[in-house]
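Q: With positions in the sequence shown counted from 1, the corresponding number in my numbering is that position plus 8. Heads up, the beta-carbon is just placed ideally off N, CA and C, and yes, glycines get one too. Here it is: the structure, laid out below.
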Amino acid sequence: MELPKIKKENLTQELREVVGDGDLEFDSIVNPADVIVLPSDVDGYREERQKTAEMLIESRKKLHQLRSEVRKT
């Protein structure tokens with residue numbers, strides 16, 4: 009995950025005294041593993057979401073069918 013930097017030329021004199029001669033870099037306040045990057049392809053995202061929903065429905069139907077079969081025996 010790329011975080012922004014502020015070039016030393018753009019820093020105020022007070023910040024230059026604190027930071028030194030380098031650019032000011034930000035530290036991440038979250039674990040990079042927890043960051044979810046959503047796809048920029050909205051149509052592709054919707055298609056995948058639809059496929060996942062259909063798979064969930066089929067899975068629930070199968071579970072219901074298997075439970076019904078177990079109850080009959």
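Can you name, in chain order, every residue of its own chain whose Cβ lies under 8 Å from the Cβ of G28, other than the five neighbours on each side?
A: Once the five neighbours on either side are set aside, G28 has no close Cβ partner at all.
Q: How is I65 classed by DSSP in three states: helix, strand or coil?
A: Three-state DSSP puts I65 in a helix.
Q: Using a Cβ-Cβ cut-off of 8 Å (strictly less than) and excluding sequence neighbours within five positions of K11, which residues of its own chain qualify?
A: Here residue 11 is Leu; the residue named in the question, Lys, does not match the sequence. Closer than 8 Å at the Cβ level, and outside the excluded window around L11, lie E33, F34, D35, S36.
Q: I'd like the span of the alpha helix (DSSP H) that includes L23, first residue to last.
A: Counting along the chain, the alpha helix (DSSP H) containing L23 begins and ends at 21-27.
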